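Asks: Residue numbers (full-length UniProt numbering), protein chains in the order written: chain C, 1 to 255; chain H, 1 to 255.
Every residue, glycine too, gets a C-beta built ideally from N, C-alpha and C.
None of these values were measured; they are calculated from a predicted model.
Let me give you the structure first, and then I'll get to my questions.
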DNA sequence: TCTCCGCATTGATCTGCATCAATACCGCAA
DNA sequence: TTGCGGTATTGATGCAGATCAATGCGGAGA
């Protein structure tokens with residue numbers, strides 16, 4: 001049961017059996033962290049990279065007066081911290097949203113793995129570029145969409161990402177976010193998030209209760225959101241080396 | 001007169017004379033591009049990286065109905081495209097805002113330079129991480145600040161970045177942006193940008209006419225914007241190798 | 001010099017979303 | 001079972017910023 005990270009990196013750059021073994025060995029320092037705890041504090045000097053094995057976390061920024069903005073979600077297979085430059089100082093914090101199982105890869109181990117395998121190096125580059133693409137999309141999401149579109153877009157993205165790591169149900173996923181979290185993600189007040197969710201429900205676009213998100217008609221939600229999944233298909237290096245990467249269609253991987 | 005890129009990379013990772021020479025040689029395919037032209041079209045498969053030598057450009061995204069969001073500005077010394085993974089497919093477009101002088105570095109040349117020098121590799125990593133940090137900040141800017149704060153923050157960032165490449169005057173800079181550009185950057189209508197600019201002027205925080213931005217009291221503007229420049233200080237690996245890196249200093253390694 | 005065009009500016013009006021303030025609900029622990 | 005704390009929901013009201021519609025202005029080209 002290699003963690004999602006290896007599968008993801010493999011899709012990015014086609015790892016050899018050796019590569020996978022090497023990566024597998026990196027993941028040794030594993031721990032559970034309770035919900036609602038910080039994994040990284042802004043300003044810390046990291047000498048290692050975290051790998052999320054289970055659970056959700058988020059990267060956020062805060063300004064003096066308490067306003068908070070979530071700038072990314074971390075799900076299983078995602079890195080936590082900024083490889084592979086050490087020591088690196090991060091300008092955001094990371095907090096768990098659920099209990100999280102996280103592994104720590106020490107700087108030197110990661111660097112030496114990258115030294116030994118150009119495929120591993122390439123895979124980490126691509127992973128970073130993929131997160132970057134998501135970040136750009138978030139900027140655009142908050143900057144130019146309406147409340148309804150923003151939330152719809154967020155849900156489309158989340159489901160697509162979770163599907164890629166096999167964490168979805170047939171037509172939805174578990175969504176461990178409060179309405180406040182959602183608001184801090186898309187730049188809306190909690191109250192307005194609530195009302196917008198009800199609109200989406202009323203329109204039959206989603207169902208959401210008890211942290212279970214169901215999207216009966218993904219295409220419909222995508223249309224509302226103006227969601228174009230290509231930015232999630234890793235920077236689509238050799239775009240056809242594997243699964244149907246493209247636009248519409250079924251997205252992502254069976255695995 | 002080595003272009004700004006080399007100076008920047010040098011600050012990131014401390015290049016050797018050889019490194020600099022190698023980089024210098026990369027920059028050969030140079031051309032001028034007129035204002036208001038696309039340098040990169042969304043979906044293109046890049047086999048090279050551009051380097052902005054002179055002028056301004058911007059990365060932007062568009063959705064069907066014509067709404068547009070600027071997600072980044074490129075100024076001299078910035079890369080245009082996503083090194084160093086090729087071919088890479090970008091999910092945004094790049095347009096010139098002024099006439100731009102741009103060099104193209106072919107994929108193989110860049111990769112071989114990175115192969116030969118770990119410092120160069122490291123420098124490119126850090127440059128990418130720096131852009132990423134800016135993108136995160138933009139997400140937060142649009143997500144949680146008011147109109148006045150957003151524009152103030154944008155100006156603080158721009159001046160700080162320009163200063164790092166020596167393109168500022170004593171207390172300001174040239175700003176080749178229309179009010180429409182600014183609006184598409186921070187998620188506001190043109191009209192409201194205009195009014196907010198006037199507010200900032202009335203408050204004595206800025207002066208802006210004929211593309212000349214003057215900030216008489218940077219600290220004051222920074223306070224309004226809740227601007228914290230640390231995210232611009234490259235991931236501040238060796239934080240004290242040069243100019244006052246701002247805030248509290250400390251941390252990190254002399255390397 | 002005049003004319004044109006893109007950009008900046010101004011006013012009037014509308015609305016999406018914030019804010020304030022209760023109230024309802026649910027899971028949990030005693 | 002009861003009570004409690006965090007989350008969701010609902011209503012009422014206010015405002016930041018959008019939208020619509022002119023008008024002004026400065027620079028480039030004839």
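Which same chain residues end up closer than 7 Å to residue 238 of chain C when comparing Cβ atoms and leaving out the 5 residues on each side of it in sequence?
Replies: Residue placement at residue 238 of chain C cannot be trusted, given a pLDDT of 45 that sits under 50; the coordinates are not used to answer.
Asks: What is the residue span of the alpha helix (DSSP H) that residue 106 of chain C lies within?
Replies: It is not in any alpha helix (DSSP H) - residue 106 of chain C instead sits in the beta strand (DSSP E) that spans 100-106.
Asks: Run through DSSP, which three-state label would residue 63 of chain H get?
Replies: Of the three classes helix, strand and coil, the one that applies to residue 63 of chain H here is coil, per DSSP.
Asks: On the criterion of 16 or more Cβ atoms from any shown chain inside 10 Å, does residue 4 of chain H qualify as buried, or is it exposed?
Replies: Result: buried.
Asks: To the nearest angstrom, how far is it from the Cα of residue 134 of chain H to the Cα of residue 150 of chain H?
Replies: Taking the straight line joining both Cα atoms gives about 14 Å.
Asks: Along the alpha helix (DSSP H) that carries residue 73 of chain C, what are the first and last residues, could you check?
Replies: Not the alpha helix (DSSP H): residue 73 of chain C falls in the beta strand (DSSP E), residues 68-74.
Asks: From the DSSP output, in three-state form, read off residue 146 of chain H for me.
Replies: Note: residue 146 of chain H maps to coil in three-state DSSP.
Asks: Check the DSSP bridge columns for residue 20 of chain H and list the partner residues they point to.
Replies: Answer is none; residue 20 of chain H lacks a bridge partner.
Asks: Going by CA-CA distance only, name the one from C/108, C/51, C/112 that's closest to residue 102 of chain C.
Replies: Checking every option, the nearest Cα to that of residue 102 of chain C belongs to C/51.
Asks: Select from the region 85-104 of chain C all residues with a C-beta closer than 9 Å to any C-beta belonging to chain H, and list them in chain order.
Replies: Going along the region 85-104 of chain C in chain order, one finds 85, 86, 87, 88, 89, 90, 91, 92 with a Cβ nearer than 9 Å to chain H.
Asks: Rounded to the nearest angstrom, what separates residue 232 of chain H and residue 167 of chain C at their Cα positions?
Replies: Whole-angstrom Cα-Cα distance: 36 Å.
Asks: In this structure, does DSSP put residue 10 of chain H in helix, strand or coil?
Replies: Three-state DSSP puts residue 10 of chain H in a helix.
Asks: For a contact meaning CB atoms closer than 7 Å, what does residue 128 of chain H contact in chain C?
Replies: Correct list: 128.
Asks: From which residue to which residue does the alpha helix (DSSP H) around residue 172 of chain C run?
Replies: Residue 172 of chain C -> not in any alpha helix (DSSP H); beta strand (DSSP E) instead, spanning 172-174.
Asks: Could you name the residues of the region 135-168 of chain H whose beta carbon sits closer than 7 Å to any beta carbon of chain C, in the order they occur along the chain?
Replies: Listed by position along the chain: 135, 136, 138, 139, 140, 142, 143, 144.
Asks: List the residues of chain C whose Cβ lies closer than 9 Å to the Cβ of residue 132 of chain H, in chain order.
Replies: Neighbours of residue 132 of chain H on chain C, chain order: 82, 128, 131, 132, 135.
Asks: Label residue 10 of chain H either buried or exposed according to how many other C-beta atoms from any shown protein chain fall within 10 Å of its C-beta, with 16 as the threshold for buried.
Replies: Result: buried.
Asks: If I measure Cβ to Cβ from residue 188 of chain H and keep anything under 6 Å in the same chain, skipping five residues before and after, which residues do I get?
Replies: Counting only Cβ-Cβ distances below 6 Å, and skipping sequence neighbours, we find 147.
Asks: Quick one: which chain C residues come within Cβ less than 8 Å of residue 56 of chain H?
Replies: Per Cβ cutoff of 8 Å: no residues; residue 56 of chain H is ~18 Å from chain C at best.
Asks: Which value, in whole angstroms, describes the spacing of the CA atoms of residue 21 of chain C and residue 111 of chain H?
Replies: Those two C-alpha atoms are separated by around 26 Å.
Asks: Output the distance between the C-alpha atoms of residue 215 of chain H and residue 205 of chain H, rounded to the nearest integer angstrom.
Replies: Cα to Cα, residue 215 of chain H sits roughly 6 Å from residue 205 of chain H.
Asks: Return the chain-ordered list of same chain residues with a C-beta closer than 7 Å to the C-beta of residue 164 of chain H, the five sequence neighbours on each side being excluded.
Replies: Excluding sequence neighbours, residue 164 of chain H sits near nothing in its chain.
Asks: Note down, in chain order, every chain C residue with its Cβ under 7 Å from the Cβ of residue 226 of chain H.
Replies: Those within 7 Å of residue 226 of chain H in chain C are 63, 64.
Asks: In or out: residue 137 of chain C buried (at least 16 other Cβ within 10 Å) or exposed?
Replies: By the neighbour-count rule (16 or more Cβ atoms within 10 Å), residue 137 of chain C is buried.
Asks: Which whole-angstrom value describes the C-beta separation of residue 47 of chain H and residue 86 of chain H, a residue pair presumed to lie in contact below a C-beta threshold of 8 Å?
Replies: Contact holds; Cβ gap of about 5 Å.
Asks: Can the beta-carbon of residue 175 of chain C be found closer than 8 Å to that of residue 94 of chain C?
Replies: It is not a contact, given that the beta carbons lie outside the stated cut-off.
Asks: Measure from the C-beta of residue 248 of chain C to each C-beta in chain H and report whether the shortest distance is under 8 Å.
Replies: Confidence is the limiting factor: at residue 248 of chain C the pLDDT is only 35, short of 50, which leaves the residue's position unreliable, though a coordinate-based value still follows. It does not: the Cβ of residue 248 of chain C has no partner Cβ on chain H nearer than 8 Å.
Asks: Which residues in the same chain as residue 217 of chain H place their Cβ atom closer than 8 Å to its Cβ, once the five residues preceding and following it in sequence are excluded?
Replies: So the list reads 204, 205, once near-sequence residues are dropped.
Asks: Tell me the rounded alpha-carbon separation between residue 199 of chain H and residue 105 of chain H.
Replies: The straight-line gap from Cα to Cα measures roughly 44 Å.
Asks: Determine the contact status of residue 177 of chain H and residue 128 of chain C, defining contact as a CB-CB distance below 8 Å.
Replies: Cβ distance not < 8 Å, so residue 177 of chain H and residue 128 of chain C don't count as in contact.
Asks: Measure the C-alpha to C-alpha separation of residue 184 of chain H and residue 132 of chain C and round it to an integer number of angstroms.
Replies: Near 20 Å, if we compare the C-alpha coordinates of residue 132 of chain C and residue 184 of chain H.
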